[in-house]
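Structure, as structure tokens:
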Amino acid sequence: MALFDGLYLYEIALLICGVMMFLGLLAALLRKLFSNQEYKGLLAFFVLPIAMIGYPSITSIQVKDGAVEIDKTTHELQSKPQDQQTRASLQAQVAKFESRPFKDPALLATLARAQFALGDESKAESNLTTALAANPNLAPAVELKNKIELTKDLKAQTAEAESHPDDAKARAELHNTYTKVSQLPIANPKVIETLAKAQVLLQKNAAGTH
């Protein structure tokens, strides 16, 4: 259920037990009311199940709101990847939620996009794989998958062009991939480093042809 997504097992148990306790107390209260028995002493016991229900419910809302904030901060970081304050803010947001057991593919894709932007590629790919397994056509997940594949191609082609500077085919492939990746919103420091290296190689090769 969506209500449970992102909640730890103990939080789910707390919510379910709270609901059961509340219903039990409500049944006892109604029984006393209809039989004209004293019921005021029973009212104090409702505090516990309400607290048990309230805590995981509020946490669930905070988790969903946190995902929205992560998405927003990721876009901010992609627009200004050198902003260390934004990067630190995103790192803190991700650290707060990445250990939670998400199943919603949209939430997983949001988290994966943030992790990739921060340079945590292994975690990003793990969450992305889970998201795509649940929904292979989820647009944000497919977009991130294509971006990751392009950046992997860029890294491999940069290494190839560096090893074989006279290989015209390797230079052409690198130029093509570099152009595609440079047009994407990139905040991943590893990819930015590879882009810079590829640019230097392409500029050297261009200068060498004149």
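Per this note's numbering, residue -9 is the first one in the sequence shown, and the count goes up by one each step.
Backbone N, C-alpha and C define an ideal beta-carbon position, used for all residues, glycine too.
* **Nearest residue (CA-CA) to Phe92, options Asp(-5), Leu192 and Gln68** => Per the Cα distances, Asp(-5).
* To do: Enumerate in chain order the residues of its own chain whose CB-to-CB distance from His200 is below 6 Å, with the five nearest sequence positions on each side excluded.
  => Residue placement at His200 is flagged as unreliable, the pLDDT there being 45, under the threshold of 50; a coordinate-derived value is accordingly withheld.
* Could you check which residue in Pro39, Val132, Lys142 and Leu80 has the C-alpha nearest to that of Tyr168? => Among Pro39, Val132, Lys142 and Leu80, the Cα nearest to that of Tyr168 is on Lys142.
* Extent of the continuous alpha helix (DSSP H) run through Tyr0 -> Note, Tyr0: alpha helix (DSSP H), Leu(-1) to Phe24.
* Secondary structure of Glu28, DSSP reduced to three states -> Of the three classes helix, strand and coil, the one that applies to Glu28 here is coil, per DSSP.
* With 16 other Cβ atoms within 10 Å as the buried cut-off, status of Arg77 -> It is buried - the Cβ of Arg77 has at least 16 other Cβ atoms within 10 Å.
* Three-state secondary structure (DSSP) at Pro179? -> In the three-state reduction of the DSSP assignment, Pro179 falls in the helix class, which pools H, G and I.
* Can you check the segment 78 to 123 for any beta strand (DSSP E) of at least 3 residues that lies completely inside it and give the ranges in chain order? => Within the segment 78 to 123, no beta strand (DSSP E) run of at least 3 residues lies entirely inside it.
* To do: For the alpha helix (DSSP H) holding Ala131, just list the boundary residues, first then last.
  => From DSSP, the alpha helix (DSSP H) with Ala131 extends over Ala129 to Ser153.
* Alpha-carbon spacing of Ser79 relative to Leu108, whole angstroms -> Distance between the alpha carbons of Ser79 and Leu108: 11 Å.
* For Leu144 and Val171, believed in contact at Cβ under 8 Å, the rounded distance -> Contact annotation, Val171 with Leu144: C-beta distance approximately 5 Å; criterion of less than 8 Å satisfied.
* **Inter-residue spacing [alpha-carbon to alpha-carbon] between Thr148 and Val58** => Rounded to the nearest angstrom, the gap between the Cα atoms of Thr148 and Val58 is 35 Å.
* Asked: Rounded to the nearest angstrom, how far is the Cβ of Ala102 from that of Leu128, given a contact under 8 Å?
  -> Wrong, their Cβ atoms sit about 11 Å apart, outside the cutoff.
* Could you check where the alpha helix (DSSP H) with Gly56 kicks off and where it finishes? -> In the DSSP assignment, Gly56 falls within the unbroken alpha helix (DSSP H) covering Val37 to Ser69.
* Asked: The alpha helix (DSSP H) spanning Leu164 covers which residue range?
  -> It spans Ala158 to Ser172 - the alpha helix (DSSP H) in which Leu164 sits, taken as one unbroken run.
* Leaving out five residues before and five after Asn117 in sequence, what residues of the same chain have Cβ atoms less than 6 Å from its Cβ? -> Taken in chain order, the residues that qualify are Leu98, Leu101 and Ala102.
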